[in-house]
Amino acid sequence: MVETMPCPICGTQVEYAIESSPEWYRDPSLPVYRIDCHEKCRRYWLAAISDPHPQIDPAILSFLGGLSDKQRMFISESTQRVRDTGIWIIYDRSELQQLLTDYHYAKAAVILYGWRNATFQVSGTGLDAENRLFFVESEGNRWTLRLHQPGTSINKVRSEVYWLKALWNKAKVKTLSPVQGCDGELVQCPSGNALPVRYATAYNWIPGKTLNLLSEDEKTPELIRSLGNMLGRMHAISETLKLPQWFTRPRYDIDWINLKVEEAFGKDYRHYSSREIEKLSTVSSRFSRFAAEHGEGRHVFGLINLDFEPHNIVMSETQPCPIDMVHLGFGYYISDVLNVSRCFDTDEQPIFFEGYQEIRSLPKDYRQQFALFDDIGLL
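Counting from 1, position 82 in the sequence shown corresponds to residue 82 in our numbering; the numbering is continuous, with no gaps.
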């Protein structure tokens, strides 16, 4: 017999089931409630306790019980969008609180940009709870709004905006176009008196479909070649772009590698195969040798995206548009080349590489270099 209950978020009568926590989430001995709210929230999971029988964590129910109808609707719509992009979402009390806190930041940001009668919801694509992205609509216009991670410096955010403007003006790459707030500034601080300092940036809407939503027929040789051209132009401008003294972005160097390896082995890594563990144990020394051999000259080491996943590239009017620069930093260009090439089948990749090399050359041993950066991707 199917068990039913009111959806704790929207109140609709829904089906539910009690399941074990996935290993990547928390202690597998603790249960989660799978909520099948097909009409509104879609499928999601809630943290549960065993005391002595499985039940939804009372802290979650208490939190949800204190929300207004607008706040509940926001969480419901956010859950819909995240699930519609195929992402698992497991709520505990802290996750729900973070989502609601971001709701208040977004409300404050809407005022700073002068958007009237605005509605907004979490984008869902590539869910990043620390750098939350919203889709905003106001009087027939659309924008994207990024809340940057708490503690992010103003110069780090300004540097991202500086890079986006350089891509537009110098590299001729269509990408996010920063929008000014009411005060004329491109970086806003929607914190107010009640919220800690946090920065926001907004961008004009880019119409189109992300690469992961294209059919195989739509991935034409011309499209694949254009992606190679785009990435080549991004790396070419990085070689020559003059950076202001305040420009601040992370470095993906040996210190970063060592930290990632330490984090990987500090976790329960039973999901790694013995072969993967062997690769991880040698990746630091292999990267050190690579860095010593190739150096950090601007022809090999510069500004890279690091997170070129298919959902972070929009095809707009036949042009590929990178739309997520949150992880922008200094690293080896070959890492970006590998990440974008993964979007294509083996027989399509040569077209991408040809498109890239129409703008700038690849190393003669680039396929051998891929092996190292492929293993770094395990971290």
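Yeah, the Cβ is synthetic: ideal placement off N, Cα and C, and Gly gets one too.
Bridge partner(s) assigned by DSSP for residue 204:
143
Counting only the same chain and skipping the five closest in sequence on each side, list residues whose C-beta sits under 7 angstroms from that of residue 112.
Cβ within range, chain order: 181, 182, 188, 190.
Rounded to the nearest angstrom, how far is the Cβ of residue 250 from that of residue 329, given a contact under 8 angstroms?
Contact holds; Cβ gap of about 4 angstroms.
From residue 295 to residue 354, what does the alpha carbon distance come to, in whole angstroms?
25 angstroms
Would you say the segment 84 to 101 touches the segment 60 to 67, given that touching needs at least three Cβ pairs under 8 angstroms?
Segments in contact, yes.
Residue 305 and residue 336 closer than 7 angstroms at C-beta
yes
Using only the alpha-carbon positions, how far apart do residue 13 and residue 54 sit?
Taking the straight line from one Cα to the other gives about 20 angstroms.
What three-state label does DSSP hand residue 42 in the structure shown?
If DSSP states are grouped into helix, strand and coil, residue 42 belongs with the strands.
With distances taken Cα to Cα, identify the nearest neighbour of residue 222 among 319, 81, 357.
319
Taking the C-alpha atoms as reference points, what is the distance between residue 285 and residue 51?
48 angstroms
C-beta atoms of residue 78 and residue 122 nearer than 7 angstroms:
Yes, these two residues count as a Cβ contact at 7 angstroms.
In the DSSP assignment, what are the bridge partners of residue 352?
For residue 352, which the question treats as bridged, DSSP gives no partner whatsoever.
Looking only at its chain, what residues have a beta carbon closer than 8 angstroms to the beta carbon of residue 224, apart from the 5 residues adjacent to it on each side?
344, 348, 351, 352, 355
In whole angstroms, what is the alpha-carbon distance linking residue 357 and residue 326?
26 angstroms
The alpha helix (DSSP H) with residue 157 in it runs from where to where?
154 to 169
Roughly how many whole angstroms lie between the Cα atoms of residue 372 and residue 47?
38 angstroms
Go ahead and label residue 120 buried or exposed: buried means 16 or more other beta carbons lie within 10 angstroms of its beta carbon, across all protein chains shown.
Buried, by the Cβ-count rule.
With which residues is residue 302 paired in a DSSP beta bridge?
331
Counting Cβ pairs closer than 8 angstroms, one from the segment 97 to 107 and one from the segment 161 to 169, do we hit at least three?
no
Just curious, the beta strand (DSSP E) that residue 4 is in, first and last residue?
Residue 4 -> beta strand (DSSP E) spans 3 to 6.
If you follow the alpha helix (DSSP H) that residue 101 is in, where does it begin and where does it stop?
It spans 93 to 112 - the alpha helix (DSSP H) in which residue 101 sits, taken as one unbroken run.
List the whole-angstrom C-beta distance separating residue 23 from residue 32, where the pair is believed to meet the contact cut-off of C-beta under 8 angstroms.
Rounded, the Cβ-Cβ distance is 12 angstroms, inconsistent with contact.
Tell me which residue opens and which closes the beta strand (DSSP E) that residue 13 is part of.
That run of the beta strand (DSSP E) goes 13 to 20.
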